[in-house]
DNA sequence: CGGAAGATTGAGCGTAGTCAAACCGAGTGG
DNA sequence: CCACTCGGTTTGACTACGCTCAATCTTCCG
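So this is what it looks like as structure tokens:
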């Protein structure tokens with residue numbers, strides 16, 4: 499918890515398959531600013547973005563107690579050559595990450611603070627439910643500040659957006675506990691955000 | 499020119515290596531909004547984001563006369579199994595795309611319109627110069643509206659940002675012709691934007 | 001108890017969005 | 001040749017959303 503799985507700029511050696519827990523991956527710029535660019539969790543692969551440069555492209559920090567499976571990249575490459583099925587799996591995963599990044603980029607465009615936050619919660623909800631947890635009620639592992647950085651907003655705006663969603667009766671928020679009142683309502687209200695075509 | 503290389507939702511069959519020309523890849527949402535998420539050009543690989551879902555994840559449109567090398571994906575997979583060097587190359591390219599996406603996401607965060615535009619121009623400049631063209635002077639292949647969509651701004655704001663950069667003497671803009679007055683000044687003024695750590 | 005970090009809320013301000021008008025160049029057709 | 005349209009661009013005026021600064025409150029931990 500709070501520990502770094504890898505740090506931006508370090509030599510790239512491992513990729514990690516997340517088995518449990520939540521992480522944040524962040525980029526820091528030379529001007530001191532820091533931006534969170536993903537919240538990897540169960541089922542995600544961490545570190546693929548270091549393949550190209552040979553350096554870890556981002557710093558990945560655990561937000562809670564987590565378990566990962568570290569996979570040394572160099573042997574993996576050999577293994578891939580001998581196991582086409584595995585290779586296909588790795589390629590698919592990278593394609594998945596790419597597509598997910600695209601979708602996210604989309605969010606940052608012409609959407610209001612409330613819409614961004616709603617889309618973020620919907621995304622979380624879907625990922626939780628894909629792994630057997632409740633889609634309606636869950637604990638956020640990340641602070642308002644981290645959500646803000648991720649969505650390109652200020653943390654005060656995140657706070658206000660939560661309050662606004664609650665005022666509209668769409669969810670109940672208590673600290674980091676989120677309960678979506680009626681998932682169908684919520685999803686219908688914001689479905690256009692993440693659905694393509 | 500103006501033709502689609504592939505369309506969002508179509509079965510995924512090919513990836514394309516760009517030999518010349520410029521493209522835009524865009525996502526369209528169910529609410530009708532459209533977002534440009536990349537401007538692939540010479541040296542880039544298009545279509546990797548379809549690997550995971552088996553569908554083209556975005557619509558890719560030529561912005562000028564262009565040449566691409568189409569590579570059928572299914573045979574490529576077999577080939578990769580027999581050619582580890584090529585496989586490594588493909589993985590690197592995907593990692594590169596991933597990292598590039600991350601950097602972009604970063605831009606959408608807490609940066610002003612002028613900074614985003616400048617970063618966009620710097621990125622273009624670097625890509626042009628990497629392929630033997632002038633880093634100081636080039637033609638934009640895309641409209642203000644397309645730049646706006648890409649950067650998550652309105653096209654009027656793009657226009658104003660160009661004017662502002664010109665007023666500051668950093669560049670000269672005439673329709674789609676861009677001349678950066680002193681590349682070093684320009685880069686120093688905005689270097690923090692894309693440089694990590 | 002005191003200090004620190006997180007969260008919420010308010011007040012004021014500024015940047016960028018929206019709406020609108022005008023201009024320009026390229027096509028098209030009378 | 002000129003009139004017309006259409007898409008792209010620029011600029012202005014007004015508005016609004018979100019940022020900044022600030023105060024307050026809670027929780028957590030030393």
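Residue numbers (our numbering), protein chains in the order written: chain A, 499 to 695; chain B, 499 to 695. Glycine is no exception: its CB is placed at the ideal position from the N, C-alpha and C atoms. All figures in this text were calculated on a predicted structure; none of them were measured in a lab.
- Here residue 655 of chain B has 611 as same chain residues with Cβ atoms under 6 Å from its own Cβ, once five neighbours each way along the sequence are excluded.
- Between residue 640 of chain B and residue 563 of chain B, the C-beta spacing is not below 8 Å.
- Taking 8 Å as the cut-off, the beta carbon of residue 595 of chain B is found no closer than this to the beta carbon of residue 553 of chain B.
- With contacts defined by Cβ atoms closer than 8 Å, residue 614 of chain A and residue 604 of chain A do not form a contacting pair.
- Per DSSP, reduced to three states, the secondary structure at residue 571 of chain B is helical.
- In this structure residue 549 of chain B touches residue 589 of chain A by the C-beta definition: roughly 5 Å separates them, less than 8 Å.
- Not a single C-beta of chain B is nearer than 8 Å to the C-beta of residue 670 of chain A.
- Comparing alpha carbon positions, the residue from B/634, B/686, B/599 and B/660 closest to residue 534 of chain B is B/599.
- Residue burial annotation: residue 522 of chain B is buried, with at least 16 other C-beta atoms found within 10 angstroms of its C-beta.
- Within chain B, no residue has its beta carbon less than 7 Å from that of residue 509 of chain A; the closest one is some 14 Å off.
- Here residue 545 of chain B is buried, its C-beta having at least 16 other C-beta atoms within 10 Å.
- Every beta strand (DSSP E) stretch that sits fully inside the segment 659-689 of chain B and reaches 3 residues is listed by chain position as 669-672 and 675-678.
- Going by beta carbons, residue 678 of chain A and residue 634 of chain A fall inside the 8 Å limit.
- Residue 601 of chain B is positioned such that its CB atom lies no closer than 8 Å to that of residue 557 of chain B.
- The C-alpha of residue 623 of chain B is placed about 47 Å away from the C-alpha of residue 665 of chain A.
- Under the rule that a run must span 4 or more residues, the alpha helix (DSSP H) segments found entirely inside the segment 575-618 of chain A read 582-605.
- Residue A/619 holds the alpha-carbon nearest to the alpha-carbon of residue 689 of chain A among A/580, A/628, A/619 and A/555.
- Each of A/676, A/673 and A/669 was checked against the Cα of residue 683 of chain A, and the nearest Cα belongs to A/669.
- Non-local beta-carbon contacts of residue 646 of chain A in its own chain, meaning distances under 6 Å to residues more than five positions away in sequence, involve 652, 653 and 656 in chain order.
- Residue 537 of chain A and residue 561 of chain A have their C-alpha atoms some 9 Å from each other.
- Taken through DSSP and simplified to helix, strand or coil, residue 533 of chain A comes out as strand.
- Residue 556 of chain B has a beta carbon lying within less than 8 Å of a beta carbon in chain A.
- DSSP, reduced to helix, strand and coil, places residue 621 of chain A within a helical segment of the structure shown.
- In this structure, residue 555 of chain B places its C-beta atom within 8 Å of the C-beta atom of residue 597 of chain A.
- A/607 is the residue among A/581, A/607 and A/529 whose C-alpha sits nearest the C-alpha of residue 649 of chain A.
- Put simply, the backbone Cα of residue 591 of chain A is about 8 Å away from that of residue 543 of chain A.
- Boundaries for residue 550 of chain A: no beta strand (DSSP E) harbours it, and the DSSP string shows neither H nor E there.
- The C-beta distance from residue 510 of chain B to residue 570 of chain B rounds to 11 Å, too long to fall under 8 Å, and the pair is not in contact.
- Counting only Cβ-Cβ distances below 7 Å, residue 594 of chain A has contacts in chain B at 550, in chain order.
- Inclusion of residue 637 of chain A and residue 686 of chain A in the CB contact set at 8 Å is not warranted, their separation being larger than that value.
- In this structure residue 565 of chain A does not touch residue 578 of chain B by the C-beta definition: roughly 31 Å separates them, more than the 8 Å allowed.
- For a Cβ distance threshold of 8 Å, residue set 575, 578, 579 and 585 of chain B lies close to residue 585 of chain A, ordered along the chain.
- By the neighbour-count criterion, in which 16 or more other beta carbons inside 10 Å mark a residue as buried, residue 530 of chain B falls on the exposed side.
- Interface residue (Cβ-Cβ distance to chain B less than 8 Å): residue 547 of chain A is classified as such.
- Residue contact with chain A for residue 529 of chain B: present (Cβ-Cβ distance below 8 Å to some residue of chain A).
- Among the residues facing chain B, residue 640 of chain A is not included, as its CB has no counterpart in that chain under 8 Å away.
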